[in-house]
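Just add 7 to the spot in the sequence shown (first one is 1) and you have the numbering used here.
Heads up, the beta-carbon is just placed ideally off N, CA and C, and yes, glycines get one too.
To keep things clear, I will list the structure first and then write my remarks on it.
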Amino acid sequence: MKRYVSIALFFVGQLALAQTPVDVDKEFAFAAQQYQGMLKSHPDTTRFPQSTKPDGSPDDRTSDWWCSGFFGGSLWHIYERTKSPVWKEAAQKWTMAVAKEQYNTGTHDLGFMIYCPFGNGYRLTQNATYPPIMLTGAKSLSTRFDPKVGLIKSWNKFQTYNYPVIIDNMMNLEFLFWAAKRSGNKEFYNICITHADNTMKNHYRPDYSSYHVVCYNPDGTVAAKKTAQGAADNSAWARGQAWGLYGYTVMFRETKDPKYLAHARHIADFYLKHPNLPADKIPYWDFNAPNIPNEERDASAAAITASALLELCTYGGPSAKTYYQSAVKMLESLSSPAYKANLGENNHFILKHSVGHKPGKSEVDTPIVYADYYYLEALLRYDALRKKGVFRS
Ligand code: GLY
């Protein structure tokens, strides 16, 4: 009798899995097919898939572009799901293609460039050649931290300012936390704390939305609060809110300091309760874009947010289920024909409709490589939670 009950429960469980709104197996099968096309159209590793030009042709970049690590990272996500040596080989090839950026001290984006491909690759394969490259990269990144200012410098210049820091920079800290653990050098850890605390103090408004760019004086006082990619200095640029949410969720994971958890939850609540967030939960490129609802959506912000929420929901609290369900809705929308490409179209990217830099008239309503990366990461996180049965009502 007990055996029949177990069998019945097994089938009910399978049914519940089959009925979930996002079919992870199907989405990864599609991603693998679509990215086979991407690999074929990029036979050598000098041109990195990035986005699509206004004329519809592929817009490729070189390894020094801030997004060069995302393609390799996405290949690792597909390998993680398929465990196929074909994807491992492709991921290794596109990971090593970024290796020379370990010496690049001219950018703050080494978290994206190095940690997305090498970090995932090391987590999945323990390839012993990766950590030295990553540690050199972390050292290069840390040269951009001036203790007198107390933040990692993002760009070398913005308008008339010499020490601009963008909210996106929170995404580099996960890489430095890894480096601190791996090397035993507490300096990397201390940089994360100081940068995150000063960002919390100066980038965030009372409603927990974030400025995009805060410019600092040499003594660490604030010179100006601005935007580069948002609609206005005082607006809430959608991807910036997503970067901050992801960044402070990682801060809590790595430190267990409840102030970061509280901050991540405040950011999530600002985002999810915003009256301009559409019903499908894919935001306009800026929550305060001037012509809403006639503004482009940003699938990349939704993918980053979904991934962050699928971690944040694991830390409990009264809104945990809301975070989970909101993330699932985002994944459901992204996986629908409204945002997901047809096979062989979209220059072989998975998602359509992201916005890179609207004020700069660059990458407006195109596929962008990092939208795919965070979408695949979110699917993996969703699947892990779903299999554990967390939040199933
Ligand atoms: N600067 C990184 C981004 O566009 O989100």
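Mind listing, in chain order, the residues whose beta carbon lies closer than 5 angstroms to a non-hydrogen atom of the ligand GLY? Asp175 and Arg246
Taking the C-alpha atoms as reference points, what is the distance between Arg151 and Asp293? 28 angstroms
List the residues that DSSP assigns as beta-bridge partners of Tyr223. Val229
Which whole runs of the alpha helix (DSSP H) in the region 84–126 are 4 residues long or more, in chain order? 92–103
C-alpha gap between Glu318 and Arg304, whole angstroms: 23 angstroms
Are Ile357 and Asp379 closer than 8 angstroms when you measure CB to CB? yes
Range of the contiguous beta strand (DSSP E) that encloses Gly363: Ser361 to His364
Beta-carbon separation of Thr53 and Gly79 under 8 angstroms? no
What would DSSP say about Tyr168, mapped onto helix, strand or coil? strand
Within its chain, find whatever has a CB closer than 7 angstroms to the CB of Cys222; leave out the 5 residues flanking it on each side and keep chain order. Phe165, Tyr168, Tyr170, Pro171, Ala230, Ala231 and Lys233
How about Phe482 and Met141: do their beta carbons lie closer than 8 angstroms? Nothing can be reported for residue 482, as the shown portion of the chain is limited to 8 through 400.
Please state the DSSP three-state secondary structure of Tyr291. strand
With a threshold of 6 angstroms on Cβ separation, who are the neighbours of Asp287 within its own chain once the five nearest residues in sequence on each side are excluded? Ser340
Give the DSSP-derived three-state secondary structure of Gln248 in the structure shown. helix
Based on Cα-Cα distance, which residue from Asn163, Trp244 and Thr201 lies nearest to Glu302? Trp244
Give the DSSP bridge partners of Pro56, in chain order. Asp67
Return the chain-ordered list of same chain residues with a C-beta closer than 7 angstroms to the C-beta of Gly227, the five sequence neighbours on each side being excluded. Lys155, Val156 and Gly157
Kindly confirm or deny that the region 253–266 and the region 389–398 touch, where touching means at least three C-beta pairs closer than 8 angstroms. no
Distance, Cα to Cα, Tyr381 vs Ala345? 18 angstroms
Out of Trp162, Pro325, Gly63 and Ser242, which one is the CA nearest neighbour of Glu370? Gly63
Check the DSSP bridge columns for Arg304 and list the partner residues they point to. Tyr291
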